[in-house]
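Engineer: Before I ask anything, here is the structure I am working with.
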Amino acid sequence: MKKLRKKLMWAGIAILAVFALVYSKADVTLIGLEAARFSVVQAVGEQNVFHIENTVFKSVDRIVRDGHVYSDKPLPLGWTLGMFYKIPHRLFGLNFTDHYYLSVYLVNLLFSGTVNILIFVWMFRMFCRVRRGSPYLKFFLALGVSLGTWLLSYSVTLNNHTPAALGVLGLYIVLEKFRRVPSRVPAVMAGLAAGGVAACDLPAGAVFAVAAVAGVFLTAPAETRWKLTGCCVAAGMAVEAGLLLLNFIAYGTVVPLYVAGTAGTYSLAAHENLGRYLADCLIGPRGLFSYQPFLLLVFPAVFTLWKKSRIADRVMLGASAVLMLLYLLITVEYGGGAYGFRYLIPVIPVLWYWAGRWVLAAPQNGGRLTLAGILAAVGVVTAVVGSYVPFCVAYEGPRSPRGHFTCRIQSTFWGNLFNWSFENNPDSALTRALFNYYGAEDSWRFLYHSAFNRKRPDLIRQVLERMPRNGQ
94 MKKLRKKLMW
104 AGIAILAVFA
114 LVYSKADVTL
124 IGLEAARFSV
134 VQAVGEQNVF
144 HIENTVFKSV
154 DRIVRDGHVY
164 SDKPLPLGWT
174 LGMFYKIPHR
184 LFGLNFTDHY
194 YLSVYLVNLL
204 FSGTVNILIF
214 VWMFRMFCRV
224 RRGSPYLKFF
234 LALGVSLGTW
244 LLSYSVTLNN
254 HTPAALGVLG
264 LYIVLEKFRR
274 VPSRVPAVMA
284 GLAAGGVAAC
294 DLPAGAVFAV
304 AAVAGVFLTA
314 PAETRWKLTG
324 CCVAAGMAVE
334 AGLLLLNFIA
344 YGTVVPLYVA
354 GTAGTYSLAA
364 HENLGRYLAD
374 CLIGPRGLFS
384 YQPFLLLVFP
394 AVFTLWKKSR
404 IADRVMLGAS
414 AVLMLLYLLI
424 TVEYGGGAYG
434 FRYLIPVIPV
444 LWYWAGRWVL
454 AAPQNGGRLT
464 LAGILAAVGV
474 VTAVVGSYVP
484 FCVAYEGPRS
494 PRGHFTCRIQ
504 STFWGNLFNW
514 SFENNPDSAL
524 TRALFNYYGA
534 EDSWRFLYHS
544 AFNRKRPDLI
554 RQVLERMPRN
564 GQ
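Dropping the structure here:
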């Protein structure tokens, strides 16, 4: 049985590695989210500084402070990758000026691609601890989280959401290990995992830090409860102290620049229509469940498995629900120019694990397996479409002016599919159908700006050559 599991694990790694090798991006878009992070990688790795005005990457996601330009993205990820990037830069002379496309490709491949592979490996090991179900079923369930969700869509480019998801999954694993062996090591690891999540995604880190402390406190034996909880808190605080120190060294302030230097994305905003925003981000054109319908199985899972679930299961699911609600309340722009509602990516492993356990609870139930297979297959399609352009031209709520073409083309799935269809076969039935549905004027504007965002002069030329003279 162990040999079979090992073979299946390596098969999954091979599948995801091939996808990463083929589809990892060799350039950044003009949306700015990738460029803001790559600029830090270059500044730290090649120039030994934190300011980005002398890098090859240009982004609107920046802040001017003390006469220098800085990225407004959380610093730890870019700094860490920059330190690793120093190695090939110094050994082989790799640099973003002379080897731009190769450098971007390697960072995307070796970091983002590896993160997605690790999520599969860790998820497979978690499913293998479930008593019911065959190794093959557990393999396909684990592979599904890395092939049939936004984790795949964003695995082709540098981002902070998938490593945050990896950290959340790591915390889940550590809390489960703490249940079996309530000792200092897993307690410390829980604090470190929560700190790692915070380094990638501050709101997610805050929520899952509470989850880490609660998980350790509620699971620990009474005689060592406070001691082990203190170990968890101390580890998390040590990570946070390191993050604050890094900010101070880089900027002269312990406060992250996206908090200190700008109003930013996050605020308890007054939604014009909160109900619509919730629907759009959960089951609508940017929806967590509409893009990844397999996650809907979390609802019957909660109904049937909650009573027998363990503390770690409940804590992690509860934290995921809190983070979902938090992001739905503090954002108004649907995640900006990005595929789906990217802020909820960190909760995907938790929801997927619960949904997968519901499938494994009745492994011989043909109807349940068929339903799960269909829902997972839909997720694979939407995930692959998302990987075409993860940071895409998209509707941004109040940031999109009234009458803007993205007010018409609000679904990033159909938007990406439209771009792909036009690029590969502009005369196809699918392309014509989407033109008819969205209207010629908005369609041409969308295709032009999408090609511009991707820095594709060949596509811009194709759009302009086919655009009617009265098209704008």
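Following the working numbering, the numbering of the sequence shown begins with 94 at its first residue and continues without gaps. No residue lacks a Cβ here, since even glycine has one placed at the ideal position from N, Cα and C.
#1: If you draw a straight line from the C-alpha of T358 to the C-alpha of I156, how long is it?
#2: What's the gap between the Cα of L97 and the Cα of A104?
#3: If you draw a straight line from the alpha carbon of P314 to that of R273, how long is it in whole angstroms?
#4: Buried or exposed, going by whether 16 or more other CB atoms sit within 10 Å of the CB of G171?
#5: Can you list, in chain order, the residues of its chain with a C-beta nearer than 6 Å to that of V137? Leave out the 5 residues immediately preceding and following it.
#6: For I156, which of helix, strand or coil comes out of DSSP?
#7: Less than 8 Å between the beta carbons of T505 and A476, yes or no?
#8: Where are the alpha helix (DSSP H) runs, 4 residues long or more, that stay fully inside the segment 316-355, in chain order?
#9: Between the segment 458-471 and the segment 412-424, do three or more beta carbon pairs fall short of 8 Å?
#10: Tell me V391's beta-bridge partners as DSSP assigns them.
#11: Give every residue of the same chain whose Cβ lies closer than 6 Å to the Cβ of I145, excluding the five residues on either side of it in the sequence, and list them in chain order.
#12: Would DSSP call V162 helix, strand or coil?
#13: Let's test the definition: count the other Cβ atoms within 10 Å of the Cβ of T397 and tell me whether it reaches 16, buried, or not, exposed.
#14: Answer with buried or exposed for F301, where buried requires no fewer than 16 other C-beta atoms within 10 angstroms of its C-beta.
#15: Restricting to runs no shorter than 4 residues, where is the alpha helix (DSSP H) found entirely within the segment 424-512?
#16: If you count every other CB in all the chains shown that lies within 10 Å of the CB of Q565, and 16 or more means buried, which is it?
#17: Given R549, which residues of its chain have a CB within under 6 Å of its CB, disregarding the five upstream and five downstream residues?
#18: Classify T463 as buried or exposed, calling it buried when 16 or more other Cβ atoms lie within 10 Å of its own Cβ.
#19: Where do the N-terminal and C-terminal ends of the alpha helix (DSSP H) with A136 fall, by residue?
Structural biologist: Looking at the atomic coordinates:
#1: Residue confidence for T358 is low, a pLDDT of 45 falling below 50, so the modelled location carries little weight; the figure read from the coordinates is stated next. A straight-line Cα-Cα distance of about 14 Å links T358 and I156.
#2: Near 10 Å, if we compare the C-alpha coordinates of A104 and L97.
#3: Going by the C-alpha atoms only, they are around 11 Å apart.
#4: G171 is buried by the Cβ-count criterion.
#5: Contacts found: W172 and G175.
#6: Looking at I156 - three-state DSSP - the assignment turns out to be strand.
#7: Cβ atoms of T505 and A476: not closer than 8 Å.
#8: Runs found: 318-344 and 350-353.
#9: Short answer: they don't touch.
#10: Partner(s): none; V391 has no beta bridge.
#11: Excluding residues within five positions, the ones whose Cβ falls inside 6 Å are S132, A136, V162 and S164.
#12: If DSSP states are grouped into helix, strand and coil, V162 belongs with the strands.
#13: Classification for T397: exposed.
#14: Taking a 10 Å sphere around the C-beta of F301, we find 16 or more other C-beta atoms and assign the residue as buried.
#15: Within the segment 424-512, the complete alpha helix (DSSP H) runs of at least 4 residues are 441-453, 459-481 and 498-501.
#16: Residue placement at Q565 cannot be trusted, given a pLDDT of 42 that sits under 50; what the coordinates show is reported in the next sentence. It is exposed - the Cβ of Q565 has fewer than 16 other Cβ atoms within 10 Å.
#17: Residues of the same chain with their beta carbon placed closer than 6 Å to that of R549 are lacking, with the five preceding and five following residues left out of the count.
#18: A residue is called buried when at least 16 other Cβ atoms come within 10 angstroms of its Cβ; T463 does not meet this threshold and is exposed.
#19: No alpha helix (DSSP H) holds A136; DSSP gives it neither H nor E.
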